[in-house]
Amino acid sequence: MTGWRGLARGLADELAAEGVLRSPEWRAAVEAIPRHVFVPRFYVQRQDGRWSETSAEDDGWLTAVYRDEPLVTALATTADGDRVTVSSSTKPGLMVRMLEALDVRDEHRVLEIGTGTGYNAALLSHRLGGERVFSVDIGAALVDAARDRLAGLGLAPTLAVAHGAGGLPEHAPFDRIIATCSLRAVPWAWAEQVREGGLVLVDVKPSTHAGNLVLLVRHADRLEGRFLPRWAGFMAMRDADRAPETARVVEDLSTGSRSSTRLEPTPWSSLVPWFLAQARMPGEVAFGYRGATGRGPEWAVFGTPDGSWSAVGTQPDGNGEREVRQGGPVRLWDAVEETHRAWRGFGRPNWDRLGLTVTPDGRHRVWLDEPGNVWVAAETRQQVLPEPHRRAFNYYPRHHHG
Ligand SMILES: C[S@@+](CC[C@H](N)C(=O)[O-])C[C@H]1O[C@@H](n2cnc3c(N)ncnc32)[C@H](O)[C@@H]1O
1 MTGWRGLARG LADELAAEGV LRSPEWRAAV EAIPRHVFVP RFYVQRQDGR
51 WSETSAEDDG WLTAVYRDEP LVTALATTAD GDRVTVSSST KPGLMVRMLE
101 ALDVRDEHRV LEIGTGTGYN AALLSHRLGG ERVFSVDIGA ALVDAARDRL
151 AGLGLAPTLA VAHGAGGLPE HAPFDRIIAT CSLRAVPWAW AEQVREGGLV
201 LVDVKPSTHA GNLVLLVRHA DRLEGRFLPR WAGFMAMRDA DRAPETARVV
251 EDLSTGSRSS TRLEPTPWSS LVPWFLAQAR MPGEVAFGYR GATGRGPEWA
301 VFGTPDGSWS AVGTQPDGNG EREVRQGGPV RLWDAVEETH RAWRGFGRPN
351 WDRLGLTVTP DGRHRVWLDE PGNVWVAAET RQQVLPEPHR RAFNYYPRHH
401 HG
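For the sequence shown, full-length UniProt numbering begins at 1 and goes up steadily by one.
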């Protein structure tokens, strides 16, 4: 049987061959840190929705842990009785891609938001020494387990149970902040805890799937930088150490107005316009599917907390048209169509052409190619924990020609 060292080397080779793992320092970390210590068990959701557990006693556990796959490591039960993911070990290829993008130097002090299993904190501690690594998670049991695992390997980064939106001010300033959960907006508290010229790498997602990783540079008066070219998705930041509430999506589609479209089967089929369209949405968007056809669900539905909703048929008719229904105060589907039109007009830019500027007033500006070329601007309420990252409703769009 291949020991874990061979498997870790195999993982490093795979990531290097893909071009993800590039520097000798991160290769050494991937080869030296035993991921299996951080993932003593993981969960896989079956077809019927139930979760099955694989642990160290089970065949295939060790090899599964050294595959380039994300592994769900903690579940919690919602008020509705659903079992949902609250922590996972990130796909190693994504973790390494982020660490490489973070451009870490030997003397840097790094804060991680989202300790989870502790695996990434271990990679960072191998690279920098535990005294330069800080990591927080909202899950107290997660932090305890991570601390034990790290200590077992002789690594002692500073871990804390905290709401990551507040950072870790008592240990600031940092040279880098890396978040391994997604946020609706970037808390200004992080900017205050990063040295000028330092970097913040975070997955910004106003709604599920709507956003991407962005690498922001700390300037005196702002955070500013570009989205990473490849899309990635992290689980959303939670406000408390429990399962997040599942947002409800509209049930009754009979009351809405009717129209048709030639756009894609779901508004989130193209992730860039889906992100840009969030600027027109009155609050966080929840989505799901309704009905069934022989070829999958009948409707893709989405809605916002003010009661606005839209549904689009996933199957086109003979003319290539899909039915659309909309209800509530804001016509969400129209906003998606308008954003698509603008996006097509600018030549269908991908993530590599988009950037973000965040200012101390909490305003988020998404720009095309250059910071002056603002596409959408959004305001964030900068308020006391636990909701500093919630976006206010007055999120408005502006189109510039660039
Ligand atoms: C994808 S996991 C992190 C993976 C981790 N970096 C690792 O190497 O295993 C996301 C983590 O973010 C944490 N999280 C969610 N909301 C948070 C919050 N408000 N503050 C800090 N951590 C949070 C979750 O508890 C979860 O452990």
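For glycine and all other residues, C-beta sits at the position ideal for the given N, C-alpha and C. Since this is a predicted model, take the numbers as computed values, not measurements.
Using 7 Å as the cut-off, classify the Cβ of M98 as near or not near the heavy atoms of ligand 1, replying yes or no. Relative to ligand 1, even the nearest heavy atom lies 7 Å or more away from the CB of M98.
Beta-carbon proximity list for V161, same chain, < 6 Å, skipping 5 on both sides: Contacts found: A140, V143.
Starting from the Cα of A311, find the closest Cα among T117, V285, L155, V214 and give me that residue. Comparing C-alpha distances from A311 to each of T117, V285, L155, V214 shows the shortest one belongs to V285.
Buried or exposed for V20, please, with buried defined as at least 16 other CB atoms from any protein chain shown within 10 angstroms of its CB. By the neighbour-count rule (16 or more Cβ atoms within 10 Å), V20 is buried.
For V84, which option in K91, L75, P92 has the closest C-alpha, if you only look at C-alpha atoms? If we check each option's Cα against that of V84, L75 comes out closest.
Check this for me: beta carbons of G225 and G372, under 8 Å apart or not? G372 sits away from G225, with the two beta carbons spaced by 8 Å or more.
Comparing the CB of L201 with every heavy atom of ligand 1, is any distance shorter than 7 Å? Not under cutoff, so the answer is no.
Between the C-alpha atoms of A121 and V249, what's the straight-line distance to the nearest angstrom? So the two alpha carbons sit approximately 37 Å from each other.
Cutting at 7 Å between CB atoms, please list the residues of its own chain near L11, excluding the five before and the five after it. Answer for L11: V30, Y66, D68, P92, listed in chain order.
Return helix, strand or coil for Q326, following the three-state DSSP convention. In the three-state reduction of the DSSP assignment, Q326 falls in the strand class, which pools E and B.
Unbroken alpha helix (DSSP H) runs of length 4 or more, entirely within the region 61-86: which are they? As far as the region 61-86 is concerned, its whole alpha helix (DSSP H) runs of at least 4 residues are 61-65.
By Cβ distance below 6 Å, which residues in the same chain neighbour D203 in space, the five residues on each side in sequence not counted? Same-chain partners within the cutoff: S182, L213, F234.
Strictly by DSSP, which residues pair up with L123? Paired residues: none, contrary to the question.
Start and end residues, alpha helix (DSSP H) containing T255: It is not in any alpha helix (DSSP H) - T255 carries neither H nor E in the DSSP assignment.
Are there 16 or more other CB atoms within 10 angstroms of the CB of T357, so buried, or fewer, so exposed? By the neighbour-count definition (other C-beta atoms within 10 Å, threshold 16), T357 is a buried residue.
Neighbourhood of W309 by C-beta, 6 Å cutoff - its chain only, sequence neighbours within 5 removed: Only V250, G303, G327, G328 meet the Cβ criterion.
Using the Cα positions of G129 and V110, report the straight-line distance between them to the nearest angstrom. When only Cα atoms are considered, G129 and V110 end up about 11 Å apart.
Helix, strand or coil for Q45 per DSSP? When secondary structure is reduced to three states using DSSP, Q45 falls in the strand class.
Whole angstroms is fine: what's the gap from S125's alpha carbon to W274's? Distance between the alpha carbons of S125 and W274: 37 Å.
Any non-hydrogen atom of ligand 1 within 7 Å of V44 CB: V44: no, Cβ never under 7 Å from ligand 1.
Residue environment, Q47, which counts as buried when at least 16 other CB atoms sit within 10 Å: Answer is exposed; the Cβ neighbour count stays below 16.
G313 (DSSP reduced to helix, strand or coil): Annotated three-state conformation of G313 is strand, per DSSP.
Less than 7 Å between the CB of I138 and some heavy atom of ligand 1, yes or no? Yes - ligand 1 has a heavy atom lying nearer than 7 Å to the Cβ of I138.
When the distance is taken between beta carbons, is F42 closer than 8 Å to T54? For T54 and F42, yes; Cβs fall inside 8 Å.
When you measure from the CB of V86 to every non-hydrogen atom of ligand 1, does any distance come out below 7 Å? Annotation for V86 indicates a beta carbon within 7 Å of some heavy atom of ligand 1.
Do you know how far the Cα of L153 is from the Cα of P206? If I take the Cα positions, the gap works out to 37 Å.
Would you list the residues sitting across from S88 in a DSSP beta bridge? Partner(s): V72.
I'd like to know whether the C-beta atoms of G256 and R195 end up nearer to each other than 8 Å. Contact flag unset, no.
Spatial neighbours of R27 in its chain, beta-carbon cut-off 8 Å, leaving aside the 5 residues before and after: So the list reads A12, A16, L21, once near-sequence residues are dropped.
Exposure label - P24; buried when at least 16 CB within 10 Å: Flag for P24 reads exposed.
Tell me, to the nearest whole angstrom, how far the beta carbon of D82 is from that of T246; I am working on the premise that it is less than 8 Å. Sure, about 6 Å apart at Cβ, within 8 Å.
Could you spell out the range, first to last residue, of the alpha helix (DSSP H) harbouring residue 411? Because the chain spans 1 through 402 in this model, residue 411 falls outside it and cannot be assessed.
On a Cα-Cα basis, can you pick out the residue from A185, P316, S88 that is closest to R262? Of the listed residues, the one whose Cα sits closest to R262 is P316.
Given W367, which residues of its chain have a CB within under 8 Å of its CB, disregarding the five upstream and five downstream residues? Cβ neighbours of W367 beyond the five flanking positions: L354, G355, L356, T357, N373, V374, W375.
Out of W61, H209, L201, state which residue places its alpha-carbon closest to the alpha-carbon of Q278. Shortest Cα-Cα distance from Q278 to any of W61, H209, L201 involves H209.
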